[in-house]
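Here is the structure we will look at.
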Amino acid sequence: MKIIALVKQVPDTGGERKLDASGLLDRDASERIIDEINERSLEVALSYKDTNKQTEVVLVSMGPADATSTLRKGLSMGADSAIHIVDDSLAGSDAVRTSAVLAAALKDTGFDLVVAGNESTDGRGGVVPAMLAERLGVAQLTHLNSVELSEGSVSGIRSTDNGTLTAHAQLPAVISITEIAAEPRFPNFKGIMTAKKKPVTVLSLADLGVETAAAQSVVVSATARPARAAGKKVIDDGNAATELAEFLAAERLI
Amino acid sequence: MSKVLVLIEVSQGAIANTAVGLLAAASRLGEPIAVLAAKPGTDLAAQLGALGAAQVYLAETDQAGELLVTPEVDALASAVEALQPAAVLLANSPDGRDTAARLAVRTAGALLVDAVDVKLDGQRVVATHSVFGGAYAVDAAVEGGLAIVTIRQGAIEGKAEPASGTVTTIPLTVDGSASAAIDEVNAATEASSRPELRGATRVVSGGRGLGSGEAFELVEQLADALGAAVGASRAAVDAGYVPQTHQVGQTGITVSPQLYVALGISGAIQHRAGMQTAKTIVAINKDEDAPIFDIADFGIVGDIFTIVPKLIDEINARAH
Ligand SMILES: Cc1cc2nc3c(=O)[nH]c(=O)nc-3n(C[C@H](O)[C@H](O)[C@H](O)COP(=O)(O)OP(=O)(O)OC[C@H]3O[C@@H](n4cnc5c(N)ncnc54)[C@H](O)[C@@H]3O)c2cc1C
Ligand SMILES: Nc1ncnc2c1ncn2[C@@H]1O[C@H](COP(=O)(O)O)[C@@H](O)[C@H]1O
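Residue numbers (our numbering), protein chains in the order written: chain A, 349 to 602; chain B, 71 to 390.
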C-alpha cells in the first residue's frame, strides 16, 4: 500500500504568534516546526507500516524552502521518502489553492491513502483534506478519533459536534485524524542517521502545472486587539474564597 | 435582494440548533434560502420558515444520513446552479466544513472559515474572524467567485424574522461510489443537565492540578453552583479525567463566556487561545508564577482543594 502523509510546517505555538500588516502569518515571529498534528497523522501511517512491511510512506509538504527540516523530522520517524513543493508564488496561498497544488502532486505520485491532520495549527482551516478528496475524486473520511486500516478500505470513529459516528470508505481515500488518534513516536538514532540518505524530491509550480484559481479569499483588514491586563491577585490566607465570592457578587456573577 | 443559501444540518432526526444563527446571519446579507438534504417524506422543511427562511430548497434522496456529507454537497451544488446565490453559509462543524470545502472546489468559489460575523460591504460579503484566540480581528472577503462561509457555532446572536418558507422539493440522485458511508451514529452519551460548553455564558474548567478523575468532581460541583458548563485543559483530557469533548483551547473548543474559572490550569498559550476573550477570568492555582494569572481578573494563589469547597459554600449561602 502507498500512503501519502501530508505534513505542514507551522510556527511553534509555544511562542506568541503574529500577523503582519497584510493579515498574513508573520513567519519570522516564531520558530517553525512540524505541525504536532502531523506527527500524529504520520504515526497512523507508520504504525500500519510496522505490521505491513510492504507499505510505502511518502511525505508531501507544500511550504517555504526551510520546510526541509520538517521533512527530515518525518523521515527520521520512519517515512520512506518526501516530496517538497516550493515556489515563491505560493506564499500566502489560501486553502483552495493549496489543495489544487497538493492534488496535482498527488495525481502524479499516485496513492492508496492520504493521511492528514484535521486542522493545521496555524491555518486552523480544517478544509484542505476534503478539498483534496473532491479534486481527486475519492472518498473523504475526516476528523477520525481512531483509524482501522486494511488492504482495501479504511474505517474509523469520527468526532462530530454532538457525539461520534462510525463510518467507512473504500480506498483510495483521504482521511484526517484528530489529536487523540495517535501518540507520535520519537525518532531513534538509526532513524535520524538514515533520514539523511532518504530521497527528497523538490518540485516547483512549473513542474506541477497548476492553473491559478479565478476566485480567492482576500484579507480586507487585520486589527490587533489590546492585550489583556492582569487584574487582582491574592495569596490565600484562609480568606480568599470569601474575597472571590465578594468579587463575583460585585460583578453580578452570583 | 441577492439570495443567500444556508445549509441546514440534521442531527438525530431534528434540525440542528445551528440553523437559527445561520439564518439570522443570512437575513443580514440578503434573502435567506434554507437548503436541506433529506430522505423522501421527512417532515422537517416546514419548520424552516419560522426560523427565517424565505424559501426552502429541499433535495430529497435516500442517501441522506447514509453517506458522509456527499448528499449535502450535491444538494448545495444543485441549489447554487439553480439559484445563483451571492453567498453560501454553513456551520463551522466537522460536517459543515467538509461540505463547504468540497463545494468550494466544485463551484470554483472561495472559502472563508470560522467567521464570527458577516456583513455586506457594497455587494461584497465580508466575514470577520477572531484569530489566535482573539488576539486579532481579521476581515476577509472573496474576489472573483462565490463566497462560501462557515460560521462559528454560537457566534451569531439573535434570530431572523419569521418568513414564508416556501418549499421547493427536488429529487436528488447521489453517486455514492466515491463517498464514505455512515455505519452508526452515537450521540454523546452524557445526558447532562449542565449547559453545553460551546456557546456557554459561564464555564468552570479544570486542569492537571485536579490530579484524578474523582477529584475532577470538584470542578463539576463549582460549575453546578454557578450554573456553568464544564471545561478542561488538554492535560486533564489526556490524563482521562474528562472526555475530549470538554477540551478548551487551540485544538479544542473556543469559548467566550461572561465568566471563565480556571482551576489547577497553568494557562499555556494553547489553552489561553480558547478562552482569553472571556469577559471575566478567575484563576486558582498554587503556583504564583503560573501564566494564567497574567490574564486573570481575579487570581488566587492557593490550593483548589481548600478554596473551592469554601467558595461553593459562599455561593450557596448567597443564593439563599
Ligand atoms: C499543538 C498543541 C495544541 C494544544 N492544544 C491545547 C488545547 O486545545 N487546550 C489545552 O488546554 N492545551 C493544549 N495544549 C497543551 C498545552 O500546551 C498544555 O500542556 C496544557 O494546557 C496544560 O494543561 P494544565 O494547565 O492542566 O496542566 P499543567 O501545565 O501541568 O498545569 C497544572 C497546574 O495546576 C496547578 N496545581 C496543581 N495542583 C494544584 C492544587 N492543588 N491547587 C491549585 N493549583 C494546582 C499547578 O501549579 C499547575 O500550574 C496543546 C499543546 C500543543 C503542542
Ligand atoms: N501546505 C501544506 N502542505 C502539506 N499538507 C498540508 C498543507 N496544508 C494543509 N495540509 C494538510 O491538511 C491538514 C489540514 O490543514 P488545514 O486545512 O490547513 O487546517 C494538515 O494537518 C495537513 O495534513
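The beta carbon of each residue, even a glycine, is placed where N, CA and C say it ideally should be.
All of these numbers come straight from a predicted model, not from anything done at the bench.
Glutamate 213 (chain B), DSSP secondary structure in three states:
Note: glutamate 213 (chain B) maps to strand in three-state DSSP.
Is glutamine 340 (chain B) close to ligand 1? I mean its beta-carbon at under 7 Å from any heavy atom of the ligand.
Yes, Cβ of glutamine 340 (chain B) sits closer than 7 Å to a heavy atom of ligand 1.
Below 7 Å between beta carbons is the criterion; list the residues of the region 244–276 of chain B that meet it against any residue of chain A, in chain order.
Of all residues in the region 244–276 of chain B, only Ala248, Ser249, Ala250, Ala251, Ile252, Asp253, Glu254, Val255, Asn256, Ala257 and Ala258 place a beta-carbon less than 7 Å from a beta-carbon of chain A.
Ligand 1 heavy atoms versus the CB of alanine 19 (chain B): any closer than 7 Å?
Residue 19 (chain B) lies beyond the residue range present for chain B, which begins at 71 and ends at 390; the question has no answer from this structure.
Can you tell me whether threonine 361 (chain A) is buried or exposed? The criterion is at least 16 other CB atoms within 10 Å of its CB, across all chains shown.
Of the residues assessed, threonine 361 (chain A) falls on the buried side of the cut-off, its CB having 16 or more other CB atoms within 10 angstroms.
Alpha carbon to alpha carbon, how far is alanine 293 (chain B) from glutamate 130 (chain B)? Give it in angstroms, no decimals.
Answer to the nearest angstrom: the Cα atoms are 43 Å apart.
Just to confirm my understanding: we take glutamate 231 (chain B), look at its own chain, exclude 5 residues before and 5 after, and list those with CB closer than 8 Å. What are they?
Taking glutamate 231 (chain B) as the centre and dropping the five residues before and after it, the same chain places the C-beta of Ser97 and Gly122 closer than 8 Å to its C-beta, in chain order.
Within chain B, partners of methionine 479 (chain A) - CB distance below 8 Å
Ala171, Arg172, Ala174 and Val175, listed in chain order.
I'd like to confirm something about isoleucine 78 (chain B): is its beta-carbon nearer than 7 Å to some heavy atom of ligand 2, or not?
For isoleucine 78 (chain B), the Cβ stays outside the 7 Å cut-off from all heavy atoms of ligand 2.
DSSP three-state label for serine 148 (chain B), please.
Serine 148 (chain B): helix per DSSP, three-state reduction.
Compute the Euclidean distance between the alpha carbons of leucine 553 (chain A) and threonine 514 (chain A), then round it to the nearest angstrom.
Their backbone Cα atoms lie some 38 Å apart in a straight line.
Nearest-angstrom Cα distance between phenylalanine 375 (chain B) and proline 532 (chain A)?
Roughly 34 Å between the two C-alpha positions.
At a cut-off of 7 Å, is asparagine 355 (chain B) close to ligand 1 when judged by its beta-carbon and the heavy atoms of the ligand?
The closest heavy atom of ligand 1 lies less than 7 Å from the beta carbon of asparagine 355 (chain B).
Below 7 Å, is the gap between the Cβ of alanine 561 (chain A) and the nearest heavy atom of ligand 2?
Look at alanine 561 (chain A): its beta carbon is at least 7 Å from all of the heavy atoms in ligand 2.
Find the nearest neighbour of serine 370 (chain A) within the set B:Leu182, B:Val300 and B:Ala207, judged by alpha-carbon distance.
Comparing Cα-Cα distances from serine 370 (chain A) to each of B:Leu182, B:Val300 and B:Ala207, the minimum goes to B:Ala207.
Do you know whose CA, among A:Ala452, A:Glu467, A:Ala413 and A:Gly504, lies nearest leucine 480 (chain A)'s CA?
When each option's Cα is compared against that of leucine 480 (chain A), the closest is A:Ala452.
Span of the alpha helix (DSSP H), counted from its first residue to its last, around lysine 421 (chain A):
First-last of the alpha helix (DSSP H) with lysine 421 (chain A): 416–425.
Glutamine 117 (chain B) in three-state terms, based on DSSP
Here glutamine 117 (chain B) sits in helix by DSSP.
Cβ neighbours of leucine 419 (chain A) in the same chain (closer than 8 Å, five flanking residues each side left out):
These residues qualify, in order along the chain: Val355, Leu407, Ser409, Ala430, His432 and Val548.
Measure the alpha-carbon distance for serine 72 (chain B) versus alanine 251 (chain B) and round it to whole angstroms.
About 35 Å.
With distance defined between alpha-carbon atoms, name the residue in B:Tyr311, B:Ala302 and B:Gly297 nearest to threonine 324 (chain B).
Looking only at B:Tyr311, B:Ala302 and B:Gly297, the smallest Cα-Cα distance to threonine 324 (chain B) is reached by B:Ala302.
Anything in the region 570–589 of chain A with a Cβ closer than 9 Å to a Cβ of chain B? List those residues in chain order, please.
Answer set for the region 570–589 of chain A: Ala570, Thr571, Ala572, Arg573, Ala575, Arg576, Ala577, Ala578, Gly579, Lys580, Lys581, Val582, Ile583, Asp584, Asp585, Gly586, Ala588 and Ala589.
Report yes if the CB atom of serine 200 (chain B) is closer than 8 Å to the CB atom of threonine 88 (chain B), and no otherwise.
Threonine 88 (chain B) sits away from serine 200 (chain B), with the two beta carbons spaced by 8 Å or more.
Taking the alpha-carbon positions, what's the alanine 332 (chain B) to alanine 248 (chain B) distance?
Distance between the alpha carbons of alanine 332 (chain B) and alanine 248 (chain B) is about 45 Å.
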